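J.:
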Amino acid sequence: MIRVLLVDDQALIRGGFRALLEIEDDIEVVAEAVNGEQGVALALEHRPDVALVDIQMPVMDGIEATRLIAADERLSGVHVVILTNYGLDEYVFNALRAGACGFMVKDTEPADLLQGVRVAARGDALLSPAITRRLIAEYVARRPASAPEGLDVLTNREREVTALVARGLSNDEIAVHMVISPTTAKTHVSRAMTKLRARDRAQLVVFAYESGLVTPRRG
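Read in UniProt numbering, the sequence shown has 56 at position 56, and its numbers run on one by one without any break.
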């Protein structure tokens, strides 16, 4: 059973999501919050698998709520998915940096919402590695170049796998590309995440683009 926390200040949105999610046999909505502060408290109380969190809310917004959830070791099993009306924007990008595993627009198709919740519950980044790469690349392309510290802590192999994760490859695909076993590929990815303090693959992708390890493809 996938346990979901809804965090949104609009009752209509929460009600619609609850009605849709609870039709499914494998999904249960365990609580609803009207702002980020309440969302963090309910996350601690219920320890959901997935928290669907709106960005703009009173008292505490979704970015700060995401940051607090991601920083709390007691909530390491909670996967935050950001809800937005506008697709990828600065708020969403900052939420990904804060620790969100992905995002969905509020008018997404019901089937895509359900699939997104199940993907997030498994711990996968966003809804698709390819979408992760394309959208983050598009966003980074509009930003001034920056070079955050961190690349020097990675081995050459770890840099290579980080770049391949940012290109949208799965562990199995990385293994084929590098001619190594899937287990070894997974180990390299895990070590890179640990060294860069990345909560999940989404943050690894963000780092790869922000650091210049991978550059957006034009055209």
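Where is the CB? At the ideal position from N, CA and C, for every residue including glycine.
Because the structure is a prediction, the values reported are computed rather than measured.
So, do the segment 66-86 and the segment 21-31 have three or more beta carbon pairs nearer to each other than 8 Å?
T.: Taking 8 Å as the limit for Cβ pairs, the verdict is that the segment 21-31 does not touch the segment 66-86.
J.: Figure out for me which residue from T84, V176, L114 and E158 has the closest Cα to the Cα of V53.
T.: Minimum Cα distance to V53 is reached at T84.
J.: In whole angstroms, what is the alpha-carbon distance linking G212 and L196?
T.: Those two C-alpha atoms are separated by around 15 Å.
J.: Suppose you measure from the CA of R199 to the CA of H177; what does that come to, to the nearest Å?
T.: Looking at the two C-alpha atoms, the distance is approximately 24 Å.
J.: Please classify P48 as buried or exposed, where buried requires at least 16 neighbouring CB atoms within 10 angstroms.
T.: Buried: at least 16 other Cβ atoms inside 10 Å.
J.: If you count every other CB in all the chains shown that lies within 10 Å of the CB of G99, and 16 or more means buried, which is it?
T.: It is buried - the Cβ of G99 has at least 16 other Cβ atoms within 10 Å.
J.: Just checking M60 against the ligand ATP - is the residue's beta carbon closer than 7 Å to any of the ligand's heavy atoms?
T.: Among the components modelled here there is no ligand, and therefore nothing to report on the ligand ATP.
J.: Would you check if the distance between the CB atom of G36 and the CB atom of G62 is smaller than 8 Å?
T.: Going by C-beta atoms, G36 is nearer than 8 Å to G62.
J.: Out of M193, D8 and A65, which one is the CA nearest neighbour of V34?
T.: It is D8.
J.: Using the Cα positions of L154 and R201, report the straight-line distance between them to the nearest angstrom.
T.: Cα to Cα, the separation comes out at about 16 Å.
J.: Please name the residue in I180, V92 and K106 whose C-alpha comes closest to that of Q203.
T.: Residue V92 is the option with its Cα nearest to Q203.
J.: Can you pull the DSSP bridge partners for R3?
T.: For R3, which the question treats as bridged, DSSP gives the partners E28.
J.: Kindly indicate which three-state DSSP category A147 falls into: helix, strand or coil?
T.: Its pLDDT being 49, under 50, A147 is placed unreliably in this model, and the value from its coordinates should be taken loosely. Of the three classes helix, strand and coil, the one that applies to A147 here is coil, per DSSP.
J.: Pick out the complete alpha helix (DSSP H) segments inside the UniProt domain "Response regulatory" (3-121), 4 residues or longer, and give them in chain order.
T.: Qualifying alpha helix (DSSP H) stretches, in chain order: 11-21, 36-46, 62-71, 90-98 and 110-121.
J.: Would you kindly report the start and end of the unbroken alpha helix (DSSP H) that includes R201?
T.: Run containing R201: R201 to E210, per the alpha helix (DSSP H) assignment.
J.: Starting from V189 and walking both ways along the alpha helix (DSSP H), at which residues does that stretch end?
T.: Start and end: P182 to L196.
J.: How is the alpha helix (DSSP H) around D172 delimited, first residue to last?
T.: Here the alpha helix (DSSP H) through D172 covers N171 to M178.
J.: For E22, does the count of other Cβ atoms within 10 angstroms reach 16, so buried, or fall short, so exposed?
T.: Its Cβ having fewer than 16 others within 10 Å, E22 is exposed.
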